[in-house]
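A short write-up of the structure that comes next.
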Amino acid sequence: MFLEMLTEIGIPIIYLIFLFLFFSILGFPLFYKLNDKLKSLSLLPILGLAISSVVITILFSFNLKMFYIFSLMMIVFVFILFFYFKDILQIINTIKNKSNKDLQLNIIIVVVALFLLLLPQFVGGLRFSIFQGNHFDHFGYWESAQVFARESYREILGHKAD
């Protein structure tokens, strides 16, 4: 029972934390180009998600398969992690500093947002959280994801409805 509950709750939490960290690290290069007045750690995941969205869209439109795009994104992630390692450690040390109220507020906001995202699963379990909306939409999204994963952009554009 406990293992089941841990699996249903723990895996989505780990996944959301991974996404947050993944997009935060992808946002580092653009973050350091910003003016000092604009720099806020809460911008890191937003910048990373924006960069990822643009790059994935451009690469997919050049007929690159999604597997290769995500592989490339992971290579870039590791490169950025390696290149900005000292800066990441500096931010971790800043987080440990109790006097930084802005950073503490950002962490609280992230924790509350993660909790709210997972609240339907806490209340109704996995089946409720998957089908809380229109279940036909979920199958439509899944179908589109499968098509985009298997077919090239040009092939998708070439098919026309009868």
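Residue numbers (my numbering): 3 to 164.
Each residue gets a CB set at the ideal place from its N, CA and C atoms; glycine is no exception.
None of the values given here were measured: they were computed from a predicted structure.
Distance between residue j and residue i (C-alpha atoms, nearest Å)
i                 : j                : result
leucine 120       : proline 14       : 8 Å
alanine 124       : glycine 160      : Sequence inspection shows phenylalanine at residue 124; the alanine mentioned does not correspond to that position. Spanning the two alpha carbons is a distance of roughly 43 Å.
phenylalanine 150 : phenylalanine 64 : 13 Å
alanine 147       : phenylalanine 69 : 12 Å
leucine 23        : proline 122      : 23 Å
arginine 152      : methionine 76    : 19 Å
phenylalanine 84  : isoleucine 111   : 28 Å
serine 73         : leucine 45       : 24 Å
isoleucine 71     : tyrosine 17      : 20 Å
tyrosine 155      : asparagine 95    : 44 Å
isoleucine 58     : lysine 67        : 10 Å
glycine 142       : serine 26        : 29 Å
valine 114        : glutamate 157    : 42 Å
glycine 12        : glutamate 145    : 27 Å
tyrosine 34       : leucine 118      : 30 Å
CB-CB length for residue i against residue j, believed under 8 Å
i           : j                : result
tyrosine 86 : phenylalanine 20 : Not quite, the Cβ-Cβ distance comes to about 18 Å (not below 8 Å), so this is no contact.
leucine 43  : phenylalanine 79 : Wrong, their Cβ atoms sit about 18 Å apart, outside the cutoff.
leucine 32  : leucine 49       : 5 Å
Three-state secondary structure assigned by DSSP to residue i
i                : result
glycine 12       : helix
leucine 51       : helix
alanine 36       : Contrary to the premise, residue 36 reads as leucine rather than alanine in this sequence. Coil.
phenylalanine 64 : coil
aspartate 164    : Model confidence at aspartate 164 stands at a pLDDT of 49, short of 50, so the residue's coordinates are unreliable; what they give is reported in the following sentence. Looking at aspartate 164 - three-state DSSP - the assignment turns out to be coil, as it is neither helix nor strand.
leucine 43       : coil
glycine 142      : helix
leucine 18       : helix
Range covered by the alpha helix (DSSP H) that runs through residue i
i           : result
leucine 159 : 155-160
serine 73   : 68-85
For the pair the segment 48-61 and the segment 105-115, tell me if three or more CB-CB distances fall below 8 Å. They do not touch, by the three-pair rule.
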